[in-house]
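Numbering (our numbering), first residue to last: 303 to 824.
C-beta atoms are modelled at their ideal positions from N, C-alpha and C, and glycine is treated no differently.
No experiment lies behind these values; they were computed from the predicted model shown.
For reference, the structure discussed in these notes is given below.
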Amino acid sequence: MGNASSIEPTKTIFLDIDGKKEKVMFSRHCGSRDIHDLIAHAAGVSRYAEISLRDSTGAFVSLNPTMPINTQSSPYKVSSKEPSPTTGDGEVFTQVLSQVATQFNKVFKVEEMKTDIATRLSALERKMELEGLKAVEIEKCKRDISDIKDQIWNAQKKFVDFNRLSDDTQTISSLSDERKISLKRDVPSYPKYTLSQETIEYLKQPTFDIWHWEPNEMLSLLEHMFHELGLVAEFNINPITLKRFFLCVQENYRNNPFHNFRHCFCVTQMMYGMIHLCHLWEVMTREDLGILMTACVCHDLDHPGYNNTYQINARTELAIRYNDISPLENHHCAVAFKILSNPECNVFANVDKDTFKRIRAGITMLILATDMARHGEIMDNFKMKLEPEFDYKNKDSLDTLKMVLIKCCDISNEVRPMEVSEPWVDCLLEEYFNQSDREKMEGLPVAPFMDRDKVTKPTAQIGFIKFVLIPMFETVAKLFQVIDSTMVEPLRIARDRYEDMKEKNSMPPPPSQNKKKTVTEK
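As structure tokens, this is what we get:
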């Protein structure tokens, strides 16, 4: 399941410099110092001058890439102050060096080479003192520091960090499938948890309460699932690589109300539960189980919180890139395999080419199947495969079953107990309302089930449970009868609960309240 948004690659602000109107454009990749230098150039002062901006109300505006956009009619007033002549070259250099070091540390991991860097920078400082470099020569010093950065880059051979969006005001145009993804932290980043036997057994149940676990604990539980199912042995996965893979996956889920890392864990745990509940190892290979579990882990990577309908209507970069065909699901696949292209995170590094080709095709097929626009097509195909008898040896039939299984897990919250499932409804409605508010603002069509002015919790769930969830799980129960009591029955209970809730919400007030209202009106 997926969503997204659109943002311009550059930002434009308007300035008032001593009564003269100027326009400055800068990339979202610019740092605060870059923006400072641009404004200094526009104001005709040196780059070492102090620059300050005030808006039309007189409030100071911070010089950074996230500064508010203004208009030509309400420019920021620019004030500048050149550094005092008494300021020494050493102090100026120290300031510049501090700014360069700040940007330097944003891009590179330098813990391993801290001593080498400190020695080189000290040498540069001594060189300045001995030769008495002036402010105009600091550019030479910056080039030397840049050379150091290049050397560290070549030594570490790290991948460029994948830019992530979190602000709801940002849009999907800055999402890219073409950047390499790095691991921002390395193991051991979290302690090794010892799971009790009770937790190990509980983890296999559809009733598992996913709200009681912290992110690091969820990472450990995911590791346990892969080890317990024999996937680590099947694919000859280095345990450290498995840890790095899960860490990188976690880092590439956004902090959305619903489509976040906890949702990823929730879907993966339900798949793990269904594997044990239905004894899927009896009808599938371990390779198939590995594809199912990995697809669940990756199925909503870098989800921006705005669905495919928004992408297509807003004509975002992803919609254009994928020709309006499952843009988000295609993006989730692309991010997944960008993570796997990093040798540090590639859990399939030790399989042969033919096996990896099957794994890649299988994961892609399953993630694309989570697009709800394909729900009817996939379910009709699955029902045909059930008649007269399901053939587990037929690849097409088995692929269809796997697609239905990941679909079940992706939207399985209502299978869980009410205290576990109901918070997810609140999360989903929050994400829906964020999207519908944006669509109204941008003049795009708004789906009624996302409109905060039209939808309620009962109306949001009743139709979905009755016409999507129950029929789908009942169809799966024709293959695995245990599903009927463990999953279909809880769905029927959830349907009845929401129908009762709807009826109570629509009931007129008690007679005493009506009488009081009538007296008040009189």
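inquiry  = Can you check whether the C-beta of F735 is within less than 8 Å of a C-beta belonging to chain D?
reply    = Absence of chain D from the displayed structure is noted, only one protein chain being present.
task = Look at the alpha carbon of K460 and the alpha carbon of E721, and state the distance between them as a whole number of angstroms.
result = Unreliable positioning characterises K460 in this predicted model, as indicated by a pLDDT of 41, which lies under 50. The coordinate reading is nonetheless provided below. Going from the Cα of K460 to the Cα of E721 covers about 44 Å.
inquiry  = Is it the case that the region 554–563 contacts the region 757–769, given that we only count it when at least three CB pairs across the two stretches are under 8 Å?
reply    = The count of Cβ pairs closer than 8 Å, one atom from the region 757–769 and one from the region 554–563, stays below three, leaving the stretches out of contact.
ask   = By the 10 Å Cβ neighbour count, where 16 or more other Cβ atoms means buried, how is N625 classified, buried or exposed?
value = Counting every other CB atom within 10 Å of its CB across the protein chains shown gives N625 a total below 16, marking it as exposed.
query = Where V462 and R335 are concerned, what is the direct C-alpha to C-alpha distance, given to the nearest angstrom?
reply = Residue confidence for V462 is low, a pLDDT of 34 falling below 50, so the modelled location carries little weight and cannot support an answer.
request  = Grab me the residues of I337's own chain with a C-beta within less than 6 Å of its C-beta, minus the 5 sequence neighbours each way, in chain order.
outcome  = F328 and L365
Unbroken stretches of the beta strand (DSSP E), 3 residues or longer, contained in the region 581–616 = None, since the region 581–616 contains no complete beta strand (DSSP E) of that length.
query = Under the rule that 16 or more other beta-carbon atoms within 10 Å means buried, what is E716, buried or exposed?
reply = By the neighbour-count rule (16 or more Cβ atoms within 10 Å), E716 is buried.
ask   = Sorted by chain position, which residues of the same chain lie with C-beta nearer than 8 Å to L688's C-beta, five sequence neighbours on each side aside?
value = T777, K780 and L781
key: Proximal residues to N465 (C-beta, below 6 Å), its chain only, five neighbours per side dropped   = Low confidence applies to N465: its pLDDT is 37, below 50, so where it sits in the model is not reliable, and the reading given next is rough at best. No residues qualify anywhere along the chain.
request  = State the DSSP-derived secondary structure class of K704, mapped to helix, strand or coil.
outcome  = helix
ask   = Out of L423, E530 and C600, which has the shortest C-alpha to C-alpha gap to A638?
value = For A638, the nearest C-alpha among the options comes from C600.
inquiry  = So, with DSSP's three-state summary, where would you put S329?
reply    = strand
query = Going by other Cβ atoms of all chains shown within 10 Å of its Cβ, with 16 needed for buried, is E805 buried or exposed?
reply = exposed
task = Alpha carbon to alpha carbon, how far is S348 from L423? Give it in angstroms, no decimals.
result = The alpha-carbon atoms of L423 and S348 are separated by roughly 25 Å.
message = Counting C-beta neighbours from all protein chains within 10 Å, is the total for D469 16 or more, i.e. buried, or is it exposed?
response = Because the pLDDT of D469 is 39, which lies under 50, any placement of that residue in the model is unreliable, and the number read from its coordinates should be weighed accordingly. Exposed.
task = Could you pull out every residue in the same chain whose Cβ sits closer than 7 Å to the Cβ of D712, ignoring the five residues on either side in sequence?
result = M303, V569, H601 and T672
DSSP-derived helix/strand/coil call for R349 = coil
task = Kindly indicate the opening and closing residues of the beta strand (DSSP E) around S364.
result = Per DSSP, S364 belongs to no beta strand (DSSP E) and is neither H nor E.
key: Limits of the unbroken beta strand (DSSP E) element including A382   = According to the sequence provided, residue 382 is Ser. The question's Ala does not apply to it. Residues Y378 to K383.
ask   = Helix, strand or coil for K322 per DSSP?
value = strand
query = When you compare only the Cα positions, how much space is there between A616 and L497?
reply = Taking the straight line from one Cα to the other gives about 46 Å.
key: Rounded distance between the beta-carbons of S376 and S358, thought under 8 Å   = Between S376 and S358 the Cβ distance is about 5 Å, and since that is below 8 Å, they are a contact.
Burial state of D728 (16 or more Cβ within 10 Å) = exposed
message = Helix, strand or coil, according to DSSP, for V797 in the structure here?
response = The sequence given here has Arg at residue 797, not Val. Here R797 sits in helix by DSSP.
ask   = Alpha carbon to alpha carbon, how far is P541 from P629?
value = 33 Å
request  = Measure the Cβ-Cβ separation of A345 and S382 and say whether it is below 8 Å.
outcome  = yes
With 16 other Cβ atoms within 10 Å as the buried cut-off, status of H514 = exposed
key: Touch test, the region 584–597 against the region 527–544, Cβ-Cβ under 8 Å, three pairs minimum   = Note that the region 584–597 touches the region 527–544; at least 3 beta-carbon pairs, one per stretch, sit closer than 8 Å.
ask   = Are the beta-carbon atoms of V784 and C550 separated by less than 8 Å?
value = No, these two residues do not count as a Cβ contact at 8 Å.
request  = Rounded to whole angstroms, what's the CA-CA distance from K659 to P606? Just pull it up for me.
outcome  = 28 Å
query = From F684, E691 and K709, pick the residue whose C-alpha is nearest to that of T702; which is it?
reply = F684
task = Could you have a look at L317 and say whether DSSP puts it in helix, strand or coil?
result = strand
query = Does the Cβ of E741 have 16 or more other Cβ atoms within 10 Å, making it buried, or fewer, making it exposed?
reply = buried
message = Tell me the rounded alpha-carbon separation between D318 and F362.
response = If you take the alpha carbons of D318 and F362, they lie about 14 Å apart.
request  = Mind checking which residues open and close the alpha helix (DSSP H) that includes L497?
outcome  = L497 -> no alpha helix (DSSP H), and no H or E assigned at all.
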